[in-house]
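Mind the numbering: the sequence shown is residues 75 to 280 in my numbering, read in order. Report on the structure given below.
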Amino acid sequence: MLLTLLLSVPLLVLWIAMSRAPRTRWTVSATIAGLAVIAGVTIYLVPRGTVEISLGWLVLSLSAVVAGHAIERRRVSALFAAWLVLTVLAGLVAWRPGPFYPATGGVLPLPDGLHATVQPTGDGDCGSASCSRTITASGRPGQSGDDLWAEVRQHVISRGWGHGCRPAGWLLDRSTECVELAVHDGLLTITLSGNRDDLRHLATIG
Numbered sequence: 075m076l077l078t079l080l081l082s083v084p085l086l087v088l089w090i091a092m093s094r095a096p097r098t099r100w101t102v103s104a105t106i107a108g109l110a111v112i113a114g115v116t117i118y119l120v121p122r123g124t125v126e127i128s129l130g131w132l133v134l135s136l137s138a139v140v141a142g143h144a145i146e147r148r149r150v151s152a153l154f155a156a157w158l159v160l161t162v163l164a165g166l167v168a169w170r171p172g173p174f175y176p177a178t179g180g181v182l183p184l185p186d187g188l189h190a191t192v193q194p195t196g197d198g199d200c201g202s203a204s205c206s207r208t209i210t211a212s213g214r215p216g217q218s219g220d221d222l223w224a225e226v227r228q229h230v231i232s233r234g235w236g237h238g239c240r241p242a243g244w245l246l247d248r249s250t251e252c253v254e255l256a257v258h259d260g261l262l263t264i265t266l267s268g269n270r271d272d273l274r275h276l277a278t279i280g
């Protein structure tokens, strides 16, 4: 959502700078701003559609500017060419999402009686292809590590994780989020990763 709103600023500035007819200038500007707000709200409500919504906003904004430019009957200027280049670059940014920190809400809260602690993230938790965050969980008094692992595994499966990796976006966004479980000294470590690439073929929890 923030990226869409930030990209709307230079696009608006370039359009206002190159437009000469006040009526067309402010009509198109209001259209771009309105589309950016609608796109931002929609992304907030449906985050899985970020790529598709952002590209849709760019296409509609480009159409509004091209229509405004045609109405003014002006020749293609350097500013108009710069606007087109910026729009294409913005589209490329939206088309290729990067790694991300997955939301802990995908696994939390854990079943009653289990206690979870979300570990703070650091610089080493995010690379060029994947970002990860860790949750440490403890079981009920007397519960074995294997039983804790099995219970949490069933819990995350019931939350839609399948074999451990699932898509984070829709049709155009191939990024994935994965969950891994490991037991050490009676404590369960839950590792969530947000991956730039499609890792749905991996079975991280069996």
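Just so it is clear, CB atoms sit at the ideal spot from N, CA and C, and this is done for glycine as well.
Note down, in chain order, each residue of its chain lying with its Cβ closer than 6 Å to the Cβ of residue i, except the 5 sequence neighbours on either side.
i	result
L134	L109
A256	T263
L222	G213 and L262
T124	I117
G172	R270
P283	Residue 283 lies beyond the residue range present for the chain, which begins at 75 and ends at 280; the question has no answer from this structure.
Mind checking which residues open and close the alpha helix (DSSP H) that includes residue i?
i	result
T116	P96 to L119
G142	T124 to E146
Output needed for residue i: all residues of its chain with C-beta closer than 8 Å, excluding positions within five of it in sequence on either side, in chain order.
i	result
T95	According to the sequence displayed, residue 95 carries Ala and not Thr. The residues are I145 and E146.
P178	According to the sequence shown, residue 178 is Thr rather than Pro. Result list for T178: V192, R207, I209 and L266, in chain order.
V120	I127
I106	S82, L85, L86, W89, S135, A138 and V139
A141	V102
S204	P173, S267, G268, N269 and R270
G260	S212, G213, S218, G219 and L222
R248	P241, D271 and D272
Please name the residue or residues paired with residue i in a DSSP beta bridge.
i	result
T263	T210 and A256
Looking only at its own chain, which residues have a Cβ that is under 7 Å from the Cβ of residue i, when we skip the five neighbours before and after it?
i	result
G196	none
R99	I90 and S93
D199	C205, S206 and R207
Count the CB pairs spanning the segment 227-246 and the segment 263-280 that are closer than 8 Å, and state whether there are at least three.
yes
Which ranges does the alpha helix (DSSP H) cover as unbroken runs of at least 4 residues, wholly within the segment 168-252, from first to last along the chain?
219-230
Closer than 8 Å is the cut-off here; do at least three beta carbon pairs connect the segment 192-202 with the segment 247-254?
no
Okay, do the segment 211-223 and the segment 231-249 touch, 3+ Cβ pairs below 8 Å being the bar?
no
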